[in-house]
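Just so we're aligned, residue 1013 is where the sequence shown starts under our numbering, counting upward by one. For every residue, glycine included, the Cβ atom is placed at its ideal position computed from N, Cα and C.
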Amino acid sequence: MKRMLYFVLTICLAGLTGTMAKEKSGKIFPYEYKKVVLPNGFKAILIPFDSPGLVSYYTVVRTGSRDEWEEGKSGFAHFFEHMMFRGTDRFPGNVYDSEVTSMGADANAYTDDDLTVYHLNLSNEYLEKVMDMESDRFQNRHYTKEQFQTESGAVYGEYRKSRTSPWEVAFEAYRDMAFDKHTYKHTTIGFERDIKEMPNMYDYSVSFYNRYYRPSNCVLVIVGDFNFDKVSKWITKYYGPWKPGYVAPKIEKEPAQTAQRKTEVTYDGKTLPLAILAYKTDAFDVKNKKFLALSYVSDLCFGETSPLYKKLVLDEQKVQSLSSNAAMARDPYAFEIYVQVKNAADMDYVLGEIRSAIKQLADKPVDAKLLDELKKRSKYQFLMALDNNNSVAGILPRFVTLTGDIDVIDELYTASEMITPADVQDAVKHYFIPANENLVTLKGK
């Protein structure tokens, strides 16, 4: 359910105290940044930040489960999130872990549909050492067949654990139903049948790494207290020898959906009934007003201050939780609504109220003053979150994945400021139609 976390980082763009000059000039990202681009295609985005002695180090691989296009080969992007911690000949896994611990740093990673991100927070005195270690594991990833099989078994254990969540069960069913051809059909962790077969695909795993873990497909983001000239030289020294060779995935375009799709799922345990109601949308595009307006639909219709939320959750208390996700994705995806009801008998009523709230937005433009207040609040929330080096670095990978850079933040701000009540209404009329609808309902035993 990582997608539920991402769109809160999107159209929330504005200024804090001390950034008004930048806002007036059309800029919203409050920090200056420089880029280093090597001949092999590797890019680093360097952002000085007032965090004395501290640095955040994020490596964004622009490959996620979306890139798993070969039949029977889902789950490998997530698998490599695990395998990258197995180490290299220079820094075996136990040595890597020991070095990170001795520096007082913390290292972790995550995978989503469109990206895989490896991140560390550390004292700046160890920055060159970390760059040596990180560049080594990205260029010289090595593991034995036995290590591969052990880790792939652990991945299957993680999949089985995920099945204890009714939301994960419903989400997997929804994705499988909603997409026919595109790789968004499978979730980030992959199809169970593929994960079970994974221990027998050692040679394929090497091929996956060699195609996608290449300099032109990776972007380094460093935020914190560092010397730009020194870091630039280190980037050339440690990442310059990385050989190019990226091979783009052959992702099949999803055909247009022509009719409503729905399915019911039984969860093997106890749970409150829940539903995922989703409408197909477009890929991320700052020039697409209808797409940009979706973030405002999310707040206006399903946010905690919306009339629908007040009615279903607070007043009638029929709903345990209600939220939505206007996802930013590299390819056409969906606007997702998540709802959990307290009584199964209320599910049809609640879904009817959700559709009714959507229809109201389609029938009548939202109040201009309300939309303006929402823009201001969203902008304030965005930059209030940029209060430390790790928060800044943590917000950027999604933008890097979508466009290869972070310049798009200012473009997105400018375009979002231009969204009108009529644009919101047009977006609802365009996307929220029966032919785009996908509904998964889930009940426990």
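Taken in chain order, the complete alpha helix (DSSP H) segments of 4 residues or longer contained in the region 1069-1120 are 1088-1095, 1105-1114. DSSP lists Tyr1279 as the beta-bridge partner residues of Gly1456. The Cβ atoms of Ser1310 and Ser1336 lie closer than 8 Å to each other.
Bounds of the beta strand (DSSP E) holding His1131 are 1128-1135. Secondary structure within the region 1349-1423: the alpha helix (DSSP H) runs of 4 or more consecutive residues, fully enclosed, are 1359-1375, 1380-1396, 1401-1407, 1409-1415 (chain order). Under the three-state reduction of DSSP, Arg1342 is assigned to coil, being neither helix nor strand. For Gly1236, the enclosing beta strand (DSSP E) begins and ends at 1230-1236. For the 8 Å CB-CB criterion, Phe1347 and Ala1290 form a contact. Boundaries for Ala1271: no beta strand (DSSP E) harbours it, and the DSSP string shows neither H nor E there. Taking C-beta separations shorter than 7 Å and ignoring five residues to either side along the sequence, the partners of Gln1159 in its chain run Arg1098, following chain order. Considered as a whole, the region 1154-1197 harbours 1157-1174, 1178-1190 as its complete alpha helix (DSSP H) runs of no fewer than 4 residues, in chain order.
Contact annotation: the region 1184-1198 does not touch the region 1057-1071, with fewer than three C-beta pairs closer than 8 Å.
Comparing C-alpha distances from Tyr1155 to each of Tyr1171, Val1440, Asp1215 shows the shortest one belongs to Asp1215. The straight-line gap separating the alpha-carbon atoms of Met1396 and Asp1417 is approximately 22 Å. Contact between Pro1227 and Leu1058 does not hold, since their C-beta atoms are separated by about 17 Å, which reaches or exceeds 8 Å. Membership of Lys1301 in any beta strand (DSSP E) is not indicated; the residue belongs instead to the alpha helix (DSSP H) covering 1301-1314. When secondary structure is reduced to three states using DSSP, Glu1209 falls in the helix class. Taking C-beta separations shorter than 8 Å and ignoring five residues to either side along the sequence, Thr1162 has no partners in its chain. Contact between Thr1283 and Gly1456 is confirmed by a C-beta separation of about 4 Å, below the 8 Å threshold. Per DSSP, reduced to three states, the secondary structure at Pro1319 is helical. Of Phe1088, Asp1294, Lys1274, the smallest CA-CA separation from Lys1265 is found for Asp1294. In the DSSP annotation of this structure, the continuous segment of the alpha helix (DSSP H) that includes Ile1247 starts and ends at 1240-1251. Excluding five sequence positions before and after Thr1176, the CB atoms of its chain that fall closer than 8 Å to its own CB belong to Gly1281, given in chain order.
At least 8 Å separates the beta-carbon of Ala1185 from that of Val1351. For Glu1328, the secondary structure class from DSSP, reduced to helix, strand or coil, is coil. Collapsing the DSSP output to three states places Asn1222 in a helix.
In the DSSP assignment, Lys1141 falls outside any beta strand (DSSP E) and lies within the alpha helix (DSSP H) extending over 1139-1151. In this structure the region 1352-1363 touches the region 1320-1336; the number of beta carbon pairs closer than 8 Å is three or more. A direct Cα-Cα distance of roughly 15 Å separates Ser1403 from Val1412. Around Gly1252, the same chain offers Leu1050 as residues with beta carbons nearer than 6 Å, after the five sequence neighbours per side are excluded. The C-beta separation of Gln1269 from Ala1439 comes to about 17 Å, leaving the pair out of contact by the 8 Å criterion. Scanning its chain for C-beta atoms nearer than 6 Å, with the 5 sequence neighbours on each side dropped, one finds around Ala1287 the residues Val1351, Thr1453, in chain order. Of the residues Gly1065, Val1107, Asp1297, the one whose Cα lies closest to the Cα of Asn1133 is Gly1065. DSSP lists Tyr1291, Ala1338 as the beta-bridge partner residues of Phe1347. Looking at the DSSP output, Ile1059 sits in a beta bridge with Val1235. DSSP places Thr1426 in the helix class (H, G or I) of the three-state scheme.
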